[in-house]
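Please read the structure below before turning to the comments.
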Amino acid sequence: MSITTDDFQNQSSDVFLSGDLVRVLLPLPITGTYDYSVGPNQQLQAGDIVEVPLKNRHIYGVVWGIANGNFDKHRFISRRLDLLPLPLVSRQLVDWVATYTISSPGSVLKMVMNTSIVFKPMPLDQIALVTAVPTPINIKITEARRRVLNVAIKPLLMTELIRQSNVSASVIRGLVKAGAINRVVVSRRIVNAFPNWQHAGFPLSNDQMIVASKLCCKLVNEFSVNLLEGVTGSGKTEVYFEAIAEVLKQGHQILVLLPEISMSLQWLSRFERRFGALPIEWHSELSLTLRRDYWHAVANGSARVIVGARSALYLPYPDLGLIIVDEEHDASFKQEADLYHNNVIYHARDMAVARAFLGKIPIILASATPSLETQINVKNGRYGKVCLSNRYGDASMPNLDIIDMRLYTLSRQSWLSPPLVTAIEDALSNREQAMLFLNRRGYAPLTLCRKCGFRLKCPRCTACLVDHRQIGKLQCHHCGYLMFKPTTCNQCNDENSFVACGPGVERLVEDVAVKFPFARTRIMTSDTPNNIRAVRELIVDMERYEIDLLIGTQVMAKGHHFPLLTLVGVIDADQGMVGGDLRATERTFQLLSQVSGRSGRETHKGRVLLQTYQPESKVMQALISGNKEQFYHVEAEDRRISNMPPFGKLVALIISGYNLVDVEHIAIQLFHLAPKCENICVLGPVLAPLAMVNDRHRMRLLVKASNTIKIQDVVRQWISKICPLNGVLIQIDVDPYSFV
Ligand code: ADP
Ligand code: ZN
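The opening residue of the sequence shown carries number 292 in our numbering; numbering runs sequentially from there.
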């Protein structure tokens, strides 16, 4: 916590005074900055958060730098907020992300500023904390001052510091004035979130110790990327906790990105056990006041370790010393396009690497099945790599078998093959737990008329409605549209002819209830209301052995550790391959490895059964043989031959609007003005596979370019030539992961 306002002032020497014209970046999706005059008696610097007039309202923005222009022609900055300036590296990140993702810097700044409550005055329940900063050389150290400095090695309440060092308040005030200790004001809520690196954790195994010390060697103040690859259950978390401890000791802040905040419960308790305190959690379900308190705690350096989803990356860390991206291959790190707005579409792992680069700090990417992108970077020597090849302790990897579904005819309403049923029986009779994985929410993915085949579709989207029996309605998974199941068919007027087709997790529960009436069965999906709390309760019940059979979608696949869970059954292992996009094979492999990795994580030996109709596919073969290297090698060759990422670049353009003619008009303009140069190829426009979402028509273009091209510059120029049409959105997705 060695950050003071003065430190920031040293970062940028420019001070702007009355008579200067400055550029102010506003958190709005507009190009560039707006110019404002510095008012009489105002003194500003880059990064200052200011209130400025915009048309007939006031808005908060950030001073970005000096402007050229006529001072008199501009409106005045209304006031400077009494807050620390946005650190230089945060401002650099805004510009970097905007350039890379071809978005406006204002849209990126909006993610940094988060919510306007951040800029409302703090309530009075805040407390002053003090901590030592490196002592200035020229101060006089008295005995009393020495006592204070010895105690203030970690943040303490002022009263606590007085008590523990047995001095008067004036001694402390003197030290604050001399700059030897730092006083920050934080909310009461975060007082207990000061992890202690000296708190004892588990002793590491030999392997873990070797890997941890290799990682810790890299934790110097310079940019480096290291992949921590380790099989599921090898103790990657415990190992990177050592890296966290090292950086806490150095006195810097640490950011840990997790793909699924629901998986953080077990993570949090392990963290608390290791460091004696909880970290700051940052996610979308935080209340506004917590959001404000945490934002400030990060900004003033009092929040030491922050764990969160994508958006935690944009917090205004003044002194970040390490980033860890856990499950770095996970698709949910990708922020996808919003339905109605031009949001910033980015991959949080990639932006985290950029943040580390800008801040000149190390970053660790952890995974059991790293993304191909990361693996190629390791191969090229750009990233380092350390490996844990065995599970921790006595646990061994689970036995994995494939069930060839072509050999079985299942009865109607049944999705479990005989070998899987037997395996579940075995697990339950041994008083162990089983998990059935099906990545489909709801009861049935399709409802059709038995008589004429008419399918119930969303009136607003190109999508079938999904039957959700728990809420008693049919739901569209794209726009959220809800309706009761009709009693007569719209096409043939037949009564009560609609039938559910295919299984979702809710339907699987029925099947299981018939076959295992005494098993305590629960569902885990991402669509339960109060998702985070509900999922966390389930996890606790699972740990307490109050559940025998857990049925769930991919929220269940990540990170969890249940000692009694010895059987994982995958109902439809081929599911991810349908409609296969660029990464379908890779993603299926990663997901299935990850689900499988939940099984047998302690002394009980684990089993995994995959139901598939394509036992000879390369994914299934790689999973059985366990030959991950070979799988990735073949996958990489496929991509290399077709110049696909990471051997080439892709940018997708999605054009959408309520009026199809307008959408087509823009798409055709894009086509005619498309860049025509070597090594760039523009595919489309075509109607998107999801041709309509929430009444908005969608078309797509795909730009394919070689790695040598600065594709962002090309696309930016191209888009600037388009005459926009009201109501038509052009969204740019650099490095797309979704092709629908
Ligand atoms: P991974 O992230 O590689 O799947 P985890 O870090 O979740 O693995 O570790 C798997 C399990 O083993 C966890 O329950 C963890 O607490 C335990 N574990 C790992 N390393 C140790 C250790 N050195 N001492 C005690 N328990 C450990
Ligand atoms: Zn819909």
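In this text, a Cβ means the ideal position worked out from N, Cα and C, and glycines have one as well.
> If you follow the alpha helix (DSSP H) that Leu518 is part of, which residue opens it and which one closes it?
Replying inline: Position 227 of the sequence shown, counted from the start, is the residue given in the question as residue 518. Looking at the DSSP string, Leu518 is not in any alpha helix (DSSP H); the run it does join, the beta strand (DSSP E), is Ser515 to Gly521.
>> Once DSSP output is grouped into helix, strand and coil, what is the label at Thr392?
In response: Within the sequence shown, numbered from 1, the residue matching residue 392 stands at position 101. In this structure, Thr392 counts as helix in the three-state DSSP scheme.
>> Counting C-beta neighbours from all protein chains within 10 Å, is the total for Gly310 16 or more, i.e. buried, or is it exposed?
In response: By one-based count along the sequence shown, residue 310 stands at place 19. Gly310 should be labelled exposed.
> Should the region 386-393 be regarded as contacting the region 361-369, the criterion being three or more beta carbon pairs within less than 8 Å?
Replying inline: no
> Using a Cβ-Cβ cut-off of 7 Å (strictly less than) and excluding sequence neighbours within five positions of Lys806, which residues of its own chain qualify?
Replying inline: Sequence index remark: in the sequence shown, residue 806 carries index 515 (1-based). Leu707 and Val712.
> Using DSSP with H/G/I as helix, E/B as strand and the rest coil, what is Tyr585?
Replying inline: By 1-based counting over the sequence shown, the position of residue 585 is 294. Tyr585 falls in the helix class under three-state DSSP.
>> Count Cβ pairs between the region 679-688 and the region 518-530 that sit closer than 8 Å; are there 3 or more?
In response: yes
> Do Cys755 and ligand 2 come close, with the Cβ less than 7 Å from some heavy atom?
Replying inline: Locating residue 755 in the sequence shown gives position 464, where the first residue counts as 1. Result no, Cβ not under 7 Å from ligand 2.
> In terms of residues, what are the limits of the alpha helix (DSSP H) holding Pro710?
Replying inline: By one-based count along the sequence shown, residue 710 stands at place 419. Run containing Pro710: Pro709 to Ser720, per the alpha helix (DSSP H) assignment.
>> Using the three-state DSSP reduction, which class does Ile1021 fall into: helix, strand or coil?
In response: Here residue 1021 refers to the residue found at position 730 of the sequence shown. Of the three classes helix, strand and coil, the one that applies to Ile1021 here is strand, per DSSP.
> Under 8 Å between the Cβ atoms of Pro937 and Ile693?
Replying inline: To locate residue 937, count along the sequence shown from 1; it is residue 646. To locate residue 693, count along the sequence shown from 1; it is residue 402. Contact flag unset, no.
> Of the choices Asp305, Leu856, Ala659 and Ser884, whose alpha-carbon is the least far from that of Arg892?
Replying inline: The residue given as residue 892 occupies position 601 in the sequence shown. It is Leu856.
> What residues are listed by DSSP as bridge partners for Arg314?
Replying inline: Mapped onto the sequence shown, residue 314 falls at position 23. DSSP output for Arg314 lists Asp326 and Gly356 as bridge partner(s).
> What's the C-alpha gap between Arg722 and Leu747?
Replying inline: Here residue 722 is taken as the residue at index 431 of the sequence shown, counted from 1. Here residue 747 is taken as the residue at index 456 of the sequence shown, counted from 1. So the alpha carbons of these two residues sit roughly 42 Å apart.
> Is the region 835-844 touching the region 561-577 in the sense that three or more CB pairs, one from each, lie closer than 8 Å?
Replying inline: no
>> Shorter than 7 Å, the distance from the beta carbon of Leu495 to the closest heavy atom of ligand 1, or not?
In response: In the sequence shown, counting from the first residue as 1, residue 495 sits at position 204. Flag set: Cβ of Leu495 near ligand 1.
> Out of Asn671, His956 and Ala600, which has the shortest C-alpha to C-alpha gap to Cys1014?
Replying inline: On the sequence shown, residue 1014 is found 723 positions in, with the first residue counted as 1. Nearest of Asn671, His956 and Ala600 to Cys1014, Cα basis: His956.
> So is Ser525 buried or exposed if we call it buried at 16+ other beta carbons inside 10 Å?
Replying inline: Counted from its first residue, the sequence shown places residue 525 at position 234. Buried.
>> Distance check for Asp695 and Phe1030, CA to CA, integer angstroms please.
In response: Here residue 1030 refers to the residue found at position 739 when the sequence shown is read from its first residue. Here residue 695 refers to the residue found at position 404 when the sequence shown is read from its first residue. Near 30 Å, if we compare the C-alpha coordinates of Asp695 and Phe1030.
> Taking DSSP as the reference, what is the three-state secondary structure of Leu506?
Replying inline: In the sequence shown, counting from the first residue as 1, residue 506 sits at position 215. Reduced to three states, the DSSP call for Leu506 is helix.
>> So, for Ile321: in the same chain, excluding its five sequence neighbours on each side, which residues have a beta-carbon less than 8 Å away from its beta-carbon?
In response: Translated into the one-based positions of the sequence shown, residue 321 becomes position 30. The residues are Ser395 and Gly397.
> Using the beta-carbon count (16 or more within 10 Å), is Lys527 buried or exposed?
Replying inline: In the sequence shown, counting from the first residue as 1, residue 527 sits at position 236. Per the 10 Å Cβ criterion, buried.
> Given that a residue counts as buried once 16 or more other Cβ atoms are within 10 Å of its Cβ, and exposed if not, what is Gln300?
Replying inline: Start at 1 with the first residue of the sequence shown, and residue 300 comes out as number 9. Caution applies to Gln300, whose pLDDT of 37 falls short of 50 and renders its modelled position unreliable; the value that the coordinates give is listed next. Label assigned to Gln300: exposed.
> For Gly612 versus Gln541, is the C-beta spacing smaller than 8 Å?
Replying inline: Position 321 of the sequence shown, counting from 1, holds the residue named residue 612. Position 250 of the sequence shown, counting from 1, holds the residue named residue 541. Contact: yes.
> Should Arg931 be labelled buried (16 or more other beta-carbon atoms within 10 Å of its own) or exposed?
Replying inline: Numbered from 1 along the sequence shown, position 640 holds the residue referred to as residue 931. Classification of Arg931: exposed, given that the 10 Å Cβ count is below 16.
> Would you say His769 touches ligand 2, meaning its beta carbon is less than 7 Å from a heavy atom?
Replying inline: Counting from one through the sequence shown, the residue named residue 769 turns up at place 478. Yes - ligand 2 has a heavy atom lying nearer than 7 Å to the Cβ of His769.
> If Pro570 and Ile597 are in contact, beta carbons under 8 Å, what's the gap, nearest whole angstrom?
Replying inline: By one-based count along the sequence shown, residue 570 stands at place 279. By one-based count along the sequence shown, residue 597 stands at place 306. Yes, they are in contact, since the Cβ atoms of Pro570 and Ile597 sit about 6 Å apart, within 8 Å.
> How long is the line joining the alpha carbons of Trp573 and Tyr531, rounded to whole angstroms?
Replying inline: Working through the sequence shown from its first residue, we reach residue 573 at position 282. Working through the sequence shown from its first residue, we reach residue 531 at position 240. Computed Cα separation, rounded: 19 Å.
> At a cut-off of 7 Å, is Lys527 close to ligand 1 when judged by its beta-carbon and the heavy atoms of the ligand?
Replying inline: If you number the sequence shown from 1, residue 527 lands on position 236. It does: the Cβ of Lys527 is within 7 Å (strictly closer) of some heavy atom of ligand 1.
> What separation, rounded to the nearest whole angstrom, lies between the Cα atoms of Arg583 and Val409?
Replying inline: As a working note, residue 583 is residue 292 in the sequence shown. As a working note, residue 409 is residue 118 in the sequence shown. The alpha-carbon atoms of Arg583 and Val409 are separated by roughly 5 Å.
> According to the Cβ coordinates, are Ser623 and Glu551 closer than 8 Å?
Replying inline: Within the sequence shown, numbered from 1, the residue matching residue 623 stands at position 332. Within the sequence shown, numbered from 1, the residue matching residue 551 stands at position 260. Their beta carbons are under 8 Å apart, which means Ser623 touches Glu551 by this criterion.
> DSSP state of Ala864, grouped into three classes?
Replying inline: The residue labelled residue 864 in the question sits at position 573 within the sequence shown. Residue state, collapsed to three classes: coil.
> Taking Tyr631 as the reference, which of Met688, Asn985 and Leu506 has the closest Cα?
Replying inline: Here residue 631 corresponds to residue number 340 of the sequence shown, with the count starting at 1. It is Asn985 whose Cα lies nearest to the Cα of Tyr631.
> Can you name, in chain order, every residue of its own chain whose Cβ lies under 8 Å from the Cβ of Lys896, other than the five neighbours on each side?
Replying inline: To locate residue 896, count along the sequence shown from 1; it is residue 605. The answer, listed in chain order, is Ser687, Pro689, Asn690 and Thr857.
> Which residue comes first and which comes last in the alpha helix (DSSP H) that contains Thr665?
Replying inline: Counting from 1 along the sequence shown, the entry for residue 665 is found at position 374. Note, Thr665: alpha helix (DSSP H), Leu663 to Lys670.
>> So for Val458, helix, strand or coil by DSSP?
In response: Locating residue 458 in the sequence shown gives position 167, counting from the first residue. Looking at Val458 - three-state DSSP - the assignment turns out to be coil, as it is neither helix nor strand.
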